[in-house]
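There are 2 protein chains.
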Amino acid sequence: MPSRTLPPPPPAKVPQREGTQSIERALRVLRLLASTNYASGMSFQDLEDASGLNRSTLYRILGALRAEGFVERHPASGLFFLGMDFLALGSASMNRFNLRELARPHLVRIAEQTEDTVFLSIRSGADSICVDRQEGAFPIKALTLNIGDRRPLGIGAGALALLAFLPRAEMEDLVARNARRFPSNPAMAVENVTALVRRSREEGYAFNDGQVLKSMCAVGVPVPGQTRRQPLAALSIAAISERMRAPRRARLVAILEEEAKALGAALVARGAQPLGG
Amino acid sequence: MPSRTLPPPPPAKVPQREGTQSIERALRVLRLLASTNYASGMSFQDLEDASGLNRSTLYRILGALRAEGFVERHPASGLFFLGMDFLALGSASMNRFNLRELARPHLVRIAEQTEDTVFLSIRSGADSICVDRQEGAFPIKALTLNIGDRRPLGIGAGALALLAFLPRAEMEDLVARNARRFPSNPAMAVENVTALVRRSREEGYAFNDGQVLKSMCAVGVPVPGQTRRQPLAALSIAAISERMRAPRRARLVAILEEEAKALGAALVARGAQPLGG
DNA sequence: ACGCCCTGTCCATATTATGAGAAATACACC
DNA sequence: GGTGTATTTCTCATAATATGGACAGGGCGT
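First to last, the sequence lines map onto chains A and B. Per the working numbering: the first sequence = residues 5 to 281. Per the working numbering: the second sequence = residues 5 to 281.
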C-alpha cells in the first residue's frame with residue numbers, strides 16, 4: 005500500500021435532513037407494521053432487521069408509538085401490531101370535507117333505486133381511491149372495489165370519470181404518468197386511456213365494459229365542483245353486463261347525474277375543493 | 005422588593021421524557037387531524053392553536069409527516085388533511101393474524117345461510133371493535149355496527165360473547181373497569197353485566213334482546229382459540245326480533261358455532277393468540 | 001400609508017435523541 | 001438445576017438533532 009496521504013475524508017455527510025430524523029424513523033416503523041406481508045405481526049427482531057435501526061433507538065421509538073396507542077404489543081407472543089386506533093384514523097382520512105358523510109344518503113338512494121352496487125371515489129395523486137360503497141339488493145353482486153382500494157386513474161368507471169373530466173392538460177399529464185408507472189400494462193398505454201377518455205367526454209359519462217372484470221360493467225360520472233372541470237369525486241355503479249345494456253344504462257346514468265349534481269352542490273356550499281396530488 | 009438573594013431557580017425541569025419528544029408531538033398532530041370536529045381540514049393556524057406547538061416546530065413536523073405521505077395539504081386552500089394512506093393502514097390494523105381475510109368466507113357463508121347481517125368483532129382493551137361486517141339479503145337490515153365501531157365489552161351480542169367466555173377473573177376485572185368508566189350508564193352496572201354474562205355462559209351463546217336498539221336482536225358466539233376460554237374474536241348475527249325467536253334462534257346459533265369453530269381452528273393453526281389490552 | 005395577522009424560513013443554541021455497552025431478565029436445551 | 005442464548009431494559013457520554021426566537025414577505029382592512 006503506498007502511503008499516499010489519505011485525502012482528508014470529506015465529511016461527505018449529506019445530511020439532507022430537514023431536522024426530523026426521529027419522526028421519519030417512527031413513521032417508517034409504522035409503514036413496516038402496515039405492510040401486508042407482516043399481517044400476522046412482527047417480532048422485535050423482524051422490525052430490527054427490516055428497519056435497520058439501532059436496537060436502543062428502535063425500542064425507544066416503539067415505546068413512544070405504544071404510549072400513544074399507535075402500536076400495540078401482544079402480551080403472550082410479544083408481536084407488534086398497528087394499534088386499533090388506526091381504524092378511527094382511517095375513517096377520518098376518508099371523511100375529507102365530510103365528503104363521506106354528505107355522500108352517504110346519495111349512495112343509499114342510488115342503491116335503492118337501481119338495486120346495484122354504488123361506489124364513491126376520489127382522486128389521490130395519479131390514483132383513484134374507493135372511499136365508500138353501498139351494496140344494492142340485486143342478488144348477483146359486482147363487488148369490484150373494496151373500501152380503501154386504489155386504482156390508477158382511468159381503470160374502472162369511477163377512476164375514469166375522475167380522469168376524463170379534468171382540464172385537458174392535467175389529464176394528459178396524468179395519463180402519461182400512469183403509462184410510465186405501468187409500462188408493461190397495455191391497459192395503461194397512452195393511446196388506450198386517451199381513447200377511453202375521449203369516449204367518456206363525448207358521451208358525458210365513463211363506461212367500463214368489462215375491462216377490470218369479465219362480464220362486469222360499470223358506469224361513472226364526476227361529482228362537479230365549481231365547474232364540471234373540477235370534479236370533487238366520482239359516483240359509479242357496477243353490475244353484471246346484462247343489467248348494463250343500452251336502455252337501462254341511460255337510466256342509470258341519469259340517476260347518477262342527478263345525485264352527483266346534488267352532492268356537488270352540497271359540497272361546494274361547504275367550501276370543498278378538488279383534490280390534487 | 006427585598007433584595008433577598010434569589011434562591012437559585014432550581015432547574016425543576018421534570019423532563020419525565022423518555023427521549024421521544026418529537027415523535028410524541030408528531031403523533032399528537034396526527035390525532036388532531038383525525039379529530040372529527042375538524043373533518044373539513046385544518047389550517048396551519050388551527051393546528052398551531054390546537055397543538056400549542058411553536059410555529060417552526062410545527063412546520064418541521066408537518067413537513068416530515070407530509071414527506072412520508074401521512075399528511076396531505078390541499079394546494080388551493082392550504083388546509084391539512086390526514087393522508088389517504090391511512091385507509092391502507094386502517095385496513096392493515098384490522099387484519100391482525102390475517103383475521104379479517106381468514107374470516108371473510110365464514111361471514112359470507114353465514115350471511116348466505118341466514119340472510120341476516122353478520123359481524124366480526126375483536127377485543128381491544130375493555131372495548132369490542134367491529135372489524136368486519138357482511139350484510140344479508142333480507143330486506144330489513146339490522147345495521148347496528150359499522151366497521152370500526154367501538155362498544156364497551158358486554159354491550160351487544162358480539163361484545164358480550166367476547167366478555168362472557170373469558171377466564172372469570174379477567175372477566176370480572178373488565179366488568180368492574182367498565183362500570184367505573186361509565187358510572188352514569190345503568191346498562192354498564194356490575195350487576196347488570198354480570199347477569200348477562202351468567203346467562204350467556206349457561207346458554208352457551210350471547211343474546212342481546214333489544215338492549216342496543218329496540219326491536220333489534222342479536223346472537224353471538226366466541227371464536228375459540230386454544231381453548232374456549234381464550235376467545236380470539238366473536239361472530240354475531242343481528243336481525244329484527246321476529247327473526248330471532250326460539251326455534252330460529254337455535255338454528256342461528258348452531259350455524260354460528262360451526263363457523264366459529266372452523267375459523268378458530270384455522271386461526272390457531274396460524275398461531276393466532278387472543279388479544280388483550 | 002399603516003398596523004395587524006398570517007405564512008414561511010433561518011440559524012445559533014442546548015436540548016434531545018442516539019448508539020455502544022453493560023446489566024438484568026426470560027427462555028431453551030440439555 | 002445449570003449452562004448458553006436471546007430478549008429487554010438501563011446507563012451515559014456524545015454529537016447530532018430538534019428547538020424556538022427572530023426575521024422577512026405578503027394579504028387585508030381601515
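We treat Cβ as the ideally placed atom computed from N, Cα and C, and that holds for glycine.
Rounded to whole angstroms, what's the CA-CA distance from P13 (chain B) to F74 (chain B)? Just pull it up for me.
-> Along the second sequence, one-based indexing puts residue 13 (chain B) at 9. Along the second sequence, one-based indexing puts residue 74 (chain B) at 70. Here the model assigns P13 (chain B) a pLDDT of 38, short of 50, so the residue's position is not dependable and the matter cannot be decided.
G152 (chain B) CB to nearest chain A CB: under 8 Å?
-> Position 148 of the second sequence, counting from 1, holds the residue named residue 152 (chain B). Closer than 8 Å: yes.
When the distance is taken between beta carbons, is A115 (chain A) closer than 8 Å to Q138 (chain A)?
-> Translated into positions along the first sequence, residue 138 (chain A) becomes position 134. Translated into positions along the first sequence, residue 115 (chain A) becomes position 111. The answer is yes: Cβ separation under 8 Å.
Reduced DSSP secondary structure (H/G/I, E/B, other) of S128 (chain A) | Counting from one through the first sequence, the residue named residue 128 (chain A) turns up at place 124. S128 (chain A) falls in the strand class under three-state DSSP.
Per-residue contacts from I159 (chain A) into chain B (C-beta, under 9 Å) = Reading the first sequence from its first residue, position 155 is the one you call residue 159 (chain A). Residues of chain B passing the Cβ test: none, with the nearest at roughly 17 Å.
CB of E176 (chain A) to nearest heavy atom of the ligand FMN: below 7 Å?
-> Absence of the ligand FMN from the depicted structure is noted, as is the absence of any ligand whatsoever, leaving it without description.
Tell me the DSSP bridge mates of P156 (chain B)?
-> Numbered from 1 along the second sequence, position 152 holds the residue referred to as residue 156 (chain B). According to DSSP, which records beta bridges pairwise, P156 (chain B) is partnered with B:D131.
Interface residues of the region 80 to 109 of chain A facing chain B [CB-CB below 7 Å] = A80, S81, F85, L86, G87, M88, F90, L91, A92, L93, G94, S95, A96, S97, M98, N99, R100, F101, N102
Per-residue DSSP class, three states only, for F211 (chain B) | Counted from its first residue, the second sequence places residue 211 (chain B) at position 207. Note: F211 (chain B) maps to strand in three-state DSSP.
Let me know the beta strand (DSSP E) ranges lying completely inside the region 26 to 87 of chain B, each 3 residues or longer, listed in chain order.
-> 75 to 77, 84 to 86
Taking C-alpha atoms, which residue in B:L279, B:A38, B:R127, B:Q234 lies nearest to F84 (chain B)?
-> Within the second sequence, the letter at position 80 stands for residue 84 (chain B). The residue with the shortest Cα to Cα distance from F84 (chain B) is B:A38.
DSSP puts R137 (chain B) in a beta bridge; with which residues?
-> Numbered from its first residue, the second sequence carries residue 137 (chain B) at position 133. Its beta-bridge partners are B:F123.
Hey, could you find the ends of the alpha helix (DSSP H) I151 (chain B) is sitting in?
-> The residue you call residue 151 (chain B) lines up with position 147 of the second sequence. Element bounds for I151 (chain B): n/a, residue is neither H nor E.
Name the residues in the region 44 to 71 of chain B whose C-beta lies less than 9 Å from a C-beta of chain A; which are they?
-> S44, G45, R64, I65, G67, A68, L69, A71
Chain A contacts made by the region 122 to 140 of chain B, where a contact means CB separation under 7 Å | S128, I133, E139
For L124 (chain B), which of B:E263, B:P190, B:A273, B:E76 has the nearest alpha-carbon?
-> One-based indexing of the second sequence puts residue 124 (chain B) at position 120. Looking at the Cα atoms, B:E263 is the closest of the given residues.
Can a CB atom of chain B be found closer than 8 Å to the CB of E28 (chain A)?
-> If you number the first sequence from 1, residue 28 (chain A) lands on position 24. So, interface residue.
Out of curiosity, what's the CA-to-CA distance linking P190 (chain B) and S245 (chain A)?
-> Residue numbering aside, residue 190 (chain B) sits at position 186 when the second sequence is read from its first letter. Residue numbering aside, residue 245 (chain A) sits at position 241 when the first sequence is read from its first letter. Taking the straight line joining both Cα atoms gives about 53 Å.
Specify the secondary structure class of I284 (chain A) as computed by DSSP and reduced to three states.
-> A question about residue 284 (chain A) goes unanswered here, because the residues of chain A that appear run from 5 up to 281.
Please report the residue range of the alpha helix (DSSP H) in which P226 (chain B) lies.
-> Numbered from 1 along the second sequence, position 222 holds the residue referred to as residue 226 (chain B). Unbroken run through P226 (chain B) is the beta strand (DSSP E), 220 to 227; no alpha helix (DSSP H).
Reference R35 (chain A); option with closest CA among A:L66, A:F211, A:A222, A:S95 = One-based indexing of the first sequence puts residue 35 (chain A) at position 31. For R35 (chain A), the nearest C-alpha among the options comes from A:L66.
How big is the Cα-Cα spacing for A258 (chain A) and P228 (chain A)?
-> As a first step, residue 258 (chain A) is located in the first sequence; it is residue number 254 there, counting from the start. As a first step, residue 228 (chain A) is located in the first sequence; it is residue number 224 there, counting from the start. Approximately 15 Å between the Cα atoms of the pair.
What is the rounded straight-line gap between the Cα of G214 (chain A) and the Cα of G208 (chain A)?
-> The residue you call residue 214 (chain A) lines up with position 210 of the first sequence. The residue you call residue 208 (chain A) lines up with position 204 of the first sequence. C-alpha separation (whole angstroms): 19 Å.
Sequence-distant residues of its chain with Cβ nearer than 6 Å to A238 (chain A) (five each side left out) | In the first sequence, residue 238 (chain A) corresponds to position 234, counting from 1. S125, G162, A165, L166, G224, P226, listed in sequence order.
8 Å Cβ cutoff, V272 (chain A) in contact with chain B = Translated into the one-based positions of the first sequence, residue 272 (chain A) becomes position 268. No - not a single Cβ of chain B is within 8 Å of the one on V272 (chain A).
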